Amino acid sequence: MSEGPDDHVDVKDGGDVDDGADLTDLAVMSDLVVMHTAGADDEVVSPANPGVVRAALGLWRTRLGLALVVALVGVAVVGPWIAPYGPGEFVGTANLRDVEGASLGTDYFGQDVWSRFLYGGRSILFLASVSTLIGFVFGAAIGLVAAYDRGRLDDALMRVMDVMLAFPQLLFALVALTTVGPKSWLIIVIVGVTTIPRIARITRGATVPVVERDFIGAAEALGESRFRIVTRELLPNIIGPLLVEANLRLTYSIGIIAGLGFLGFATERNAADWGLMVQENRVALSVNPWGTALPAIAIALLTIGTGLISDGLSRTVAGIDRGRADA
Amino acid sequence: MTEPVALSIRDLRLDVAQSGHDIVDEITLEIRRGEVLGLVGESGSGKTTVGLAVLGHARKGVAVAAGSVTVEGANVLELSGKALRHARGLLVSYVPQDPGTALNPALRIDGQVLEVLRTHGFGDNDAGRRARLVEVFSEVNLPTDRAFLRRYPHQLSGGQQQRVGLAMAFAARPSVIVLDEPTTGLDVSTQAHVLETIRALASLHGVAALYVTHDLAVVATLADRVAVMYAGRIVEQAETAEIFARPAHPYTRYLVAAAPEMGSDQELVGLDGRAPSPGARPVGCTFALRCEVATAECRESFPAVEAVNRSSSHEVRCFHPFAVPERTERRGSAGSPLTRSPDAALSVRSVTAGYSRLDVVHDVTFDIARGECVALVGESGSGKSTLSRSIGGLHHEWTGEIVLDDQHLAKSARDRPVAQRLSIQYVFQNPYSSLHPRRSVADSIARPLAIAGADKSDIRRQVDRMLDRVSLSSSYGNRYPDQLSGGERQRVAIARALVSEPQVLICDEVTSALDVLVQAATIELLVDLQRDLGLAMLFVTHNLPLVRSIAQRVAVMSEGRIVELGTAAATLTNPQEEYTLRLLADTPRIPDFAGDATV
Chain A
236 MSEGPDDHVD
246 VKDGGDVDDG
256 ADLTDLAVMS
266 DLVVMHTAGA
276 DDEVVSPANP
286 GVVRAALGLW
296 RTRLGLALVV
306 ALVGVAVVGP
316 WIAPYGPGEF
326 VGTANLRDVE
336 GASLGTDYFG
346 QDVWSRFLYG
356 GRSILFLASV
366 STLIGFVFGA
376 AIGLVAAYDR
386 GRLDDALMRV
396 MDVMLAFPQL
406 LFALVALTTV
416 GPKSWLIIVI
426 VGVTTIPRIA
436 RITRGATVPV
446 VERDFIGAAE
456 ALGESRFRIV
466 TRELLPNIIG
476 PLLVEANLRL
486 TYSIGIIAGL
496 GFLGFATERN
506 AADWGLMVQE
516 NRVALSVNPW
526 GTALPAIAIA
536 LLTIGTGLIS
546 DGLSRTVAGI
556 DRGRADA
Chain B
213 MTEPVALSIR
223 DLRLDVAQSG
233 HDIVDEITLE
243 IRRGEVLGLV
253 GESGSGKTTV
263 GLAVLGHARK
273 GVAVAAGSVT
283 VEGANVLELS
293 GKALRHARGL
303 LVSYVPQDPG
313 TALNPALRID
323 GQVLEVLRTH
333 GFGDNDAGRR
343 ARLVEVFSEV
353 NLPTDRAFLR
363 RYPHQLSGGQ
373 QQRVGLAMAF
383 AARPSVIVLD
393 EPTTGLDVST
403 QAHVLETIRA
413 LASLHGVAAL
423 YVTHDLAVVA
433 TLADRVAVMY
443 AGRIVEQAET
453 AEIFARPAHP
463 YTRYLVAAAP
473 EMGSDQELVG
483 LDGRAPSPGA
493 RPVGCTFALR
503 CEVATAECRE
513 SFPAVEAVNR
523 SSSHEVRCFH
533 PFAVPERTER
543 RGSAGSPLTR
553 SPDAALSVRS
563 VTAGYSRLDV
573 VHDVTFDIAR
583 GECVALVGES
593 GSGKSTLSRS
603 IGGLHHEWTG
613 EIVLDDQHLA
623 KSARDRPVAQ
633 RLSIQYVFQN
643 PYSSLHPRRS
653 VADSIARPLA
663 IAGADKSDIR
673 RQVDRMLDRV
683 SLSSSYGNRY
693 PDQLSGGERQ
703 RVAIARALVS
713 EPQVLICDEV
723 TSALDVLVQA
733 ATIELLVDLQ
743 RDLGLAMLFV
753 THNLPLVRSI
763 AQRVAVMSEG
773 RIVELGTAAA
783 TLTNPQEEYT
793 LRLLADTPRI
803 PDFAGDATV
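Read top to bottom, the protein sequences are chains A and B. The first sequence finishes on residue 562 if you use my numbering, and the numbering steps up by one all the way, no holes. The second sequence finishes on residue 811 if you use my numbering, and the numbering steps up by one all the way, no holes.
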């Protein structure tokens, strides 16, 4: 449990400077699967779970979702290098539609809309991914432990989760951000922490039926350690529904962080940020719509993309599209 | 047999809608009024598909390709919409396998039965329908007082629920009734009474009954005629006495040889392999792949239906009728007279077990000697599972002493030393849930050794040896549970239990999820292993006829106590306790039809 978050943040960072493809959260999640199923124990070289992800990739919705996410992540990662101007560079008068060298015009401050769009995706993607990952790791751990314990620890953990769920996510974030100020780490912590109870509940729900199956009894009769039962017997068998939930949470995290950006709490003033751009330029919507439309469309496509991926995964897990002959 | 034919199925064929592969084909059956036809087959043989087709219903993904199902002159397969709904219930009705899920838990039982009558316009008014309700309830031996009628399904026992199912099926006086293993989940005494009711109602009202089941003993006691299905075809059809006395098809012979008998301690003869599934069926006889008497002819073409001789109604589809497969012939005696070693491998002394304040096992004492198999039998709820789980360290709430090799065992497996944990091994009832779905067979078998701290090369060798011991080739090591059949999975579970060379093996209803041929093969294997390894074995089962084929002694449990404990032969032929006597009387068995057997 303690080794988890560090590993995942490493994966995350690696992806960030890398080529973009790693940044797609599906890839991060499938790394996670491989890590947990084939990790710790070297004697078992197990091809355990390519199943869900591979089967999901056979569905058009997953592919479309993945294409959208890859494209937008590509924009966010590569964007700064191909941007014609810097994010804070003035190229003309404010709110102009036709400016030489700025194909999409200027924004409320006379900055290049296209360049700011290319710069503005990184922070939202980074914040959403890392915070979801934190929620995923801690939520899954808590849910698994609670489901396996089924005693007082279960009660205690799940009541704490209930209390955390009682705080409205967005309001809680606003209170914390107005108190401390718009700091990236704070957004990660808040969105991550508020995601934990949601993932924990789903994990517990998915784990309980697995705990009741006989192979867990068989492992207990052999005297397998509790840690091993949770990580090696239970986790691989709930990874499917867990992936679905993680993706869904990622969609929500993007929405919340974009919302916070719009309200001006995500970053420093005038930073290039998709959420903030929507807010800054909305007064000039009729003069130069691109300043608002471009980031808004990007956020919409990103959430639709991750949503489609979760949908594809969940259909695979539930076996809806499986054309399996009765054998 | 002069009654008119009520149900007639002609050349029925149902396909997998997508691929066009046949699920069942060339099904031709007739049932007369008042007659019970037993349709017997393994899981996947297509027997339920045929049963549902009689109702004009095909499951999702299944399509009727050819043939007719005629009930009282009407072809059910040509009906649709309102006419079909009308036919179901009035002409044909259905009793499903699990009454617990077939009844609507939110409706009172009288309402559910009345709804059937109202839907089919039975009777002129509600008073008339209510009178019919009371009548049908008393016919199926249910109470008819108002308090009972107003109950919800969850307030009934399993047997009562199934009787309500029967009442619903018989309520509108249909001509044909399809029963799909309606007694599978019931205890033997409940089953016996339900079967009696079915038989009485069918002959009383002249209803043609199609009884779908895998249980030969049930068929033997209930049915007038038997049709045996294999891989989507009916391979043999005859009067019940005839088919048991002179089985003509080799497959039927295997089925009979695999059915345990209470009256004798004959070995069970199993048959490995499984029936080919739709799309993978051979050109020739579908049974040729597993048949000992198959010839080139069998592999080239499928034999036609032929009467065994001109005068009889005994029909078979086989080029070599009455050929005797060698394996079914050399059945020996299973219950070898045991030289019981005096020292007990496992002693259970005054064990009381339960859940929080409710005790379900009271003061149980017995022991198992080395090389001995003790069967623990009883109905569901008798506490036999709780007792065996306590011994295995899976249930923690017990008091008393369990002694293994002069060492007292801790309550929970986790508190027992590694050596003790490995020397008591447990095989679970359901092979579909007892193996880690995402772990290969070899890795599953290797776990106990890894816990014992064996090194890798040693583990690999032991796993291969164990796979060989349970008759699986070493290539099975790389497979995953979902690539195995139920019987193969159970073999893997047995291999996992025995790899650490335990002294005591606990088998908890290990064959109840398996087909009869696979069950017999599994029992064969367990008997062999137990003898060779000198295991002390506790064989928990509710299947009394199985006991003599595997165990030397039997302990009969009722309401948490062992009411009778003795040698298997003596206890099952000459029981001393009334409870055992009753249990034996209720257990369906294949009567001795051999009297007129002249093969």
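Heads up, the beta-carbon is just placed ideally off N, CA and C, and yes, glycines get one too. All of these numbers come straight from a predicted model, not from anything done at the bench.
Is it true that the segment 435-452 of chain B meets the segment 234-245 of chain B, where meeting means three or more beta-carbon pairs spaced less than 8 Å apart?
yes
Output, in sequence order along the chain, the residues in the segment 429-457 of chain A whose CB is closer than 7 Å to any CB in chain B.
R448, D449, F450, G452, A453, E455, A456 and L457
Kindly list, in the order they appear in chain A, the residues whose Cβ is closer than 9 Å to that of B:P660.
In the second sequence, the residue the question calls residue 660 of chain B occupies position 448. Result: L457.
Run the CB neighbour count on A:Y487, radius 10 Å, all protein chains shown included, and call it buried at 16 or more, exposed below.
Taking the first sequence and counting its residues from 1, the one referred to as residue 487 of chain A is at position 252. Its Cβ being crowded by 16 or more others within 10 Å, A:Y487 is buried.
Since B:M749 sits in a beta bridge, which residues does DSSP pair it with?
As a first step, residue 749 of chain B is located in the second sequence; it is residue number 537 there, counting from the start. For B:M749, which the question treats as bridged, DSSP gives the partners B:C585 and B:L717.
Does the segment 414-433 of chain A come into contact with the segment 568-587 of chain B, if we say contact requires no fewer than three beta-carbon pairs (one atom in each stretch) closer than 8 Å?
no
CB-CB under 6 Å to A:A454, same chain, minus the five flanking residues each way: which ones, in chain order?
Residue mapping note: residue 454 of chain A aligns to position 219 of the first sequence, counting from 1. If we look at A:A454 and ignore the five residues flanking it on each side, its Cβ neighbours are I464 and E468.
Closer than 8 Å by C-beta to B:P175: which residues in its own chain qualify, once you throw out the five before and the five after it? Chain order, please.
Since the first and last residues shown for chain B are 213 and 811, residue 175 of chain B lies out of range.
Would DSSP call A:Y383 helix, strand or coil?
For this step, residue 383 of chain A is matched to residue 148 along the first sequence. Note: A:Y383 maps to helix in three-state DSSP.
With a threshold of 8 Å between beta-carbons, can A:P476 be considered close to chain B, or not?
Along the first sequence, one-based indexing puts residue 476 of chain A at 241. For A:P476, the answer is no, since every Cβ of chain B falls outside 8 Å of its Cβ.
For B:E242, the three-state DSSP class (helix, strand or coil):
For the purposes of this step, residue 242 of chain B is taken as residue 30 along the second sequence, with counting starting at 1. Strand at B:E242.
Measure the alpha-carbon distance for B:T564 versus B:S597 and round it to whole angstroms.
For the purposes of this step, residue 564 of chain B is identified with residue 352 of the second sequence, where counting begins at 1. For the purposes of this step, residue 597 of chain B is identified with residue 385 of the second sequence, where counting begins at 1. The alpha-carbon atoms of B:T564 and B:S597 are separated by roughly 13 Å.
Own chain, CB closer than 7 Å to B:G595, minus 5 neighbours either side, in chain order
For the purposes of this step, residue 595 of chain B is taken as the residue at position 383 of the second sequence. Contacts found: V572, V573, M769 and G772.
In or out: B:L793 buried (at least 16 other Cβ within 10 Å) or exposed?
Indexing the second sequence from 1 puts residue 793 of chain B at position 581. Flag for B:L793 reads exposed.
May I ask which residues mark the beginning and end of the alpha helix (DSSP H) holding B:S656?
Residue numbering aside, residue 656 of chain B sits at position 444 when the second sequence is read from its first letter. It spans V653 to A664 - the alpha helix (DSSP H) in which B:S656 sits, taken as one unbroken run.
In angstroms with no decimal places, state the Cα-to-Cα distance between B:Q788 and B:G475.
If you number the second sequence from 1, residue 788 of chain B lands on position 576. If you number the second sequence from 1, residue 475 of chain B lands on position 263. Those two C-alpha atoms are separated by around 16 Å.
Around the C-beta of A:N472, are 16 or more other C-beta atoms found within 10 angstroms, so that it is buried, or is it exposed?
The residue given as residue 472 of chain A occupies position 237 in the first sequence. Buried.
Is B:L599 helix, strand or coil when you go by DSSP?
As a first step, residue 599 of chain B must be located in the second sequence, where it is residue number 387. If DSSP states are grouped into helix, strand and coil, B:L599 belongs with the helices.
Can you round the beta-carbon distance between B:L747 and B:L717 to whole angstroms, since I take them to be within the 8 Å contact cut?
Indexing the second sequence from 1 puts residue 747 of chain B at position 535. Indexing the second sequence from 1 puts residue 717 of chain B at position 505. Right, the Cβ-Cβ distance comes to about 5 Å (below 8 Å), so this counts as a contact.
As a quick exercise: from B:D338, B:A339, B:Q367 and B:Q372, pick the residue whose alpha carbon is nearest that of B:F349.
Locating residue 349 of chain B in the second sequence gives position 137, counting from the first residue. Of the listed residues, the one whose Cα sits closest to B:F349 is B:Q372.
Between B:T785 and B:L616, what straight-line distance do the alpha-carbon atoms span, to the nearest angstrom?
Reading the second sequence from its first residue, position 573 is the one you call residue 785 of chain B. Reading the second sequence from its first residue, position 404 is the one you call residue 616 of chain B. Rounded to whole angstroms, B:T785 to B:L616 spans 32 Å at the Cα level.
Meets three-Cβ-pair contact criterion under 8 Å: the segment 371-384 of chain A and the segment 324-338 of chain A:
no
Under DSSP, the beta strand (DSSP E) around B:S770 begins and ends at which residues?
By 1-based counting over the second sequence, the position of residue 770 of chain B is 558. Segment R765 to S770, the beta strand (DSSP E) holding B:S770.
Label B:K259 either buried or exposed according to how many other C-beta atoms from any shown protein chain fall within 10 Å of its C-beta, with 16 as the threshold for buried.
Taking the second sequence and counting its residues from 1, one reaches residue 259 of chain B at position 47. Buried, because 16 or more other Cβ atoms sit within 10 Å of the Cβ of B:K259.
Look up B:T611 in the DSSP assignment and give the residues it is bridged to.
The sequence position of residue 611 of chain B within the second sequence is 399, counting from 1. Per DSSP, B:T564.
Quick check on the DSSP output: the beta strand (DSSP E) that includes B:Q449 runs from which residue to which?
On the second sequence, position 237 is the one that residue 449 of chain B refers to. Element bounds for B:Q449: R445 to E451.
Between which two residues does the beta strand (DSSP E) containing B:I774 stretch?
The residue you call residue 774 of chain B lines up with position 562 of the second sequence. Counting along the chain, the beta strand (DSSP E) containing B:I774 begins and ends at R773 to T779.
A:L388: buried (16+ other C-beta within 10 angstroms of its C-beta) or exposed?
What you label residue 388 of chain A is simply residue 153 of the first sequence in a count that begins at 1. It is exposed - the Cβ of A:L388 has fewer than 16 other Cβ atoms within 10 Å.
Given that A:P471 touches chain B, what residues does it touch there, using C-beta distances under 7 Å?
Reading the first sequence from its first residue, position 236 is the one you call residue 471 of chain A. Within 7 Å Cβ-Cβ: R650.
Our contact map puts B:V752 next to B:D720 with C-beta atoms below 8 Å; I'd like the distance itself, whole angstroms only.
Taking the second sequence and counting its residues from 1, one reaches residue 752 of chain B at position 540. Taking the second sequence and counting its residues from 1, one reaches residue 720 of chain B at position 508. That belief holds up - the Cβ atoms of B:V752 and B:D720 are roughly 5 Å apart, short of 8 Å.
Let me see if you follow: with CB-CB separation under 8 Å, is B:S602 close to chain A or not?
In the second sequence, counting from the first residue as 1, residue 602 of chain B sits at position 390. No, B:S602 lies away from the interface with chain A (no Cβ there is under 8 Å from its Cβ).
Which one or two residues does DSSP pair with B:D234 in a beta bridge?
Residue mapping note: residue 234 of chain B aligns to position 22 of the second sequence, counting from 1. Its beta-bridge partners are B:D227.
Restricting to runs no shorter than 4 residues, where is the alpha helix (DSSP H) found entirely within the segment 465-504 of chain B?
none
Taking the alpha-carbon positions, what's the B:V495 to B:S513 distance?
As a first step, residue 495 of chain B is located in the second sequence; it is residue number 283 there, counting from the start. As a first step, residue 513 of chain B is located in the second sequence; it is residue number 301 there, counting from the start. When rounded, the distance between both Cα atoms is 6 Å.
Closest Cβ-Cβ distance between B:I822 and chain A: below 8 Å?
Since the first residue shown for chain B is 213 and the last is 811, residue 822 of chain B is missing from the structure and cannot be characterised.
Taking Cβ positions only, does B:Y638 come closer than 8 Å to chain A?
Reading the second sequence from its first residue, position 426 is the one you call residue 638 of chain B. Yes - at least one Cβ of chain A is within 8 Å of the one on B:Y638.
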